[in-house]
Structure formats: C-alpha cells, structure tokens
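Residue 108 in the working numbering is what sits at position 108 of the sequence shown, and the numbering runs on without skipping anything.
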Amino acid sequence: MDNRQEVLDKFIKHVVSQAKKNLTTTGKNASKKLYNSIKGESKAFPNSIGIYFDMEEYGFYQDQGVKGANPNALPDGAKNKGKQNAPNSPFKFGSGSGPKGGLTKSLDKWIIRRGIAPRGKGGQFMSRKSLKFLIARSIYMTGIKPSLFFTKPFEAAFKNLPDDLIESYGFEVEDLFNDIMNQTFRK
C-alpha cells in the first residue's frame with residue numbers, strides 16, 4: 001500500500017475527466033460553468049485517507065435529479081402531466097419560491113444559448129417571458145431527471161480501486177459517495 005496516494009490521484013483524475021466527458025456527451029455543458037467547476041482532491045494519511053470532490057451546487061441536482069413539487073398540478077393536456085422525473089432523488093422542489101423564483105431567472109440565458117425560439121401552439125411567436133414561465137413551471141412541477149454524469153464514473157472508478165485499499169479502510173461505494181455528497185453541501 002505504499003502507492004496509496006498515486007492510486008487515489010488516479011481515482012480522482014478518472015472520475016473528474018469522465019464526469020466532464022459525460023456532461024459534454026449528454027448536452028449538459030451549455031455554459032461550461034459546471035464543467036469548469038468539477039475538481040477533486042485526495043490525501044493519504046498514515047491511518048486514513050480523504051477524498052474530496054467539488055463542483056457548482058447545481059451539478060449535484062443535475063446528477064441526482066430533483067423531485068417535482070406536484071406533476072399532477074400541471075394543466076390537462078400538458079406533455080408531462082403526472083410524470084415525476086426523479087422519484088428517488090434526495091432533492092426536491094416545493095420548499096422554495098416556486099417557478100417564479102431563481103429557476104425562471106436562470107432559464108433566460110439557457111434559452112438563448114440553446115437557440116429556443118418561443119412559439120405558441122399555432123406557430124406564432126410568444127414572449128420569452130411566457131416561454132420561461134412555461135418551462136420553469138414544468139421543471140418545478142415534474143422535477144429534473146437524474147443524469148448520473150458524476151455518479152456513474154464514480155462508481156466505475158470505485159470498482160477499479162485495489163481490494164486491499166477498500167478492505168483496509170472498510171469502504172462501501174454507497175457510504176463513500178454519500179460522505180462525499182455531504183461534505184460538499186456542508187461547505
């Protein structure tokens with residue numbers, strides 16, 4: 001186990017590079033802000049190790065998804081009425097200011113970057129304000145589907161850690177992942 005730090009550094013590097021790759025390949029890298037924020041660090045001490053990851057807070061919501069406040073509250077005929085996008089997510093909408101809060105504000109630049117032209121049912125243009133409200137309401141009510149852009153590379157890299165490292169520290173992938181998530185949100 002003399003090479004613990006080297007093994008941990010490889011683990012961190014792999015998780016970070018694969019998470020960034022996943023963001024790009026899934027089309028979730030519009031502004032590059034999240035992509036550029038993903039970082040990791042590891043420390044091997046004589047009797048313990050530390051593994052730390054950091055990224056923009058919304059990256060964890062993108063990864064794990066967010067439960068919608070109430071998908072049944074969408075109007076009849078809405079495409080996603082009754083559809084919960086992230087039923088098992090640890091995060092949820094419903095305790096904030098609703099679809100008119102920060103969600104609507106963040107959608108403005110996203111709509112522009114994505115080149116979404118605001119058009120109504122008949123093909124006529126609608127205001128961007130109306131489009132932002134409709135998208136924000138849908139997201140707020142139905143949630144954000146998990147992308148697992150970070151979780152999947154983390155779990156895959158964990159499986160490749162040497163058995164003696166895992167056994168000597170008693171790691172379980174789920175416990176280690178949850179510890180990392182909790183450390184990030186305590187900052």
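No residue lacks a Cβ here, since even glycine has one placed at the ideal position from N, Cα and C.
DSSP, reduced to helix, strand and coil, places Gly-50 within a strand of the structure shown. Between Gly-50 and Ser-42, the C-beta gap is smaller than 8 Å, which places the two residues in contact. Ranked by Cα distance from Ala-19, the options Gly-40, Gly-123, Asp-9 and Arg-4 are led by Gly-40.
Going by beta carbons, Leu-176 and Asp-63 fall outside the 8 Å limit. Boundaries of the beta strand (DSSP E) harbouring Gly-40: 39 to 44, taken from the DSSP string. A distance below 7 Å between beta-carbons, with the five flanking residues on each side excluded, links Lys-28 to the following residues of its chain, in chain order: Gln-62, Ser-147 and Phe-149. Collapsing the DSSP output to three states places Ile-116 in coil.
If you draw a straight line from the Cα of Asp-164 to the Cα of Phe-154, it is about 18 Å long. Runs of the alpha helix (DSSP H) spanning 4 or more residues and lying entirely within the segment 126 to 157 occur at 128 to 142, in chain order. Judged by their CB atoms, Val-66 and Ile-144 are nearer to each other than the 8 Å cut-off. In the displayed model, Lys-67 falls within a strand according to three-state DSSP.
Counted as a single uninterrupted DSSP element, the alpha helix (DSSP H) harbouring Ala-19 occupies residues 4 to 25. In this structure, the straight-line span from the alpha carbon of Gly-59 to that of Tyr-140 is close to 17 Å.
Annotation: the continuous alpha helix (DSSP H) that includes Glu-167 extends over 163 to 169. Counting other Cβ atoms within 10 Å of its Cβ, Gly-115 stays below 16 and is therefore classed as exposed. Beta-bridge pairing by DSSP links Lys-83 to no other residue.
In this structure Lys-132 is in contact with Ile-111, their Cβ atoms being roughly 7 Å apart against a cut-off of 8 Å. Taking all protein chains in view, the Cβ of Phe-93 is crowded by 16 or more other Cβ atoms within 10 Å, so the residue is classified as buried.
Only buried fits Gly-68, as 16 or more other CB atoms lie within 10 angstroms of its CB.
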